[in-house]
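Below: the structure, in structure tokens.
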Amino acid sequence: MSKKCDVCGKQPTFGNSVARLGKGAMIRRVKARTPRRFNPNIQPVRAIIKGTPTRMKVCTSCIKAGKVQRVVG
């Protein structure tokens, strides 16, 4: 399944997972950095596009914002 929103184009971003060492905030040190991936919350949705129902992959922020008119029923 493609991890890209068909409405806004949101797709995975990349960063680092930072492992820390030490108990207190003052003595804490970085132990390791490993690559990680932030995936958007993509949901399959039946939406009305140009009057016809179409299956789309849409992120939940677009669904909440009302950028997609969902098919009822």
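Counting in the working numbering, the final residue of the sequence shown is number 223, and the numbers go up one at a time with none missing.
Note that the Cβ used here is the ideal one computed from N, Cα and C, for glycine as well.
Since we're looking at a predicted model, the values are computed, not measured.
Exposed unless 16 or more other CB atoms sit within 10 angstroms - verdict on PRO194: exposed
field: Among CYS212, ILE198, GLY172, nearest to VAL221 - alpha-carbon criterion
entry: ILE198
- request: Have a look at the DSSP bridge pairing and note the partners of VAL195.
  value: DSSP lists MET206 as partners of VAL195.
- prompt: Between which two residues does the beta strand (DSSP E) carrying ASN189 extend?
  reply: For ASN189, no beta strand (DSSP E) run applies, since DSSP gives it neither H nor E.
message: I'd like the span of the beta strand (DSSP E) that includes SER152, first residue to last.
response: Per DSSP, SER152 belongs to no beta strand (DSSP E) and is neither H nor E.
- request: Rounded to whole angstroms, what's the CA-CA distance from GLN161 to THR184? Just pull it up for me.
  value: Each residue's Cα considered, the two are about 20 Å apart.
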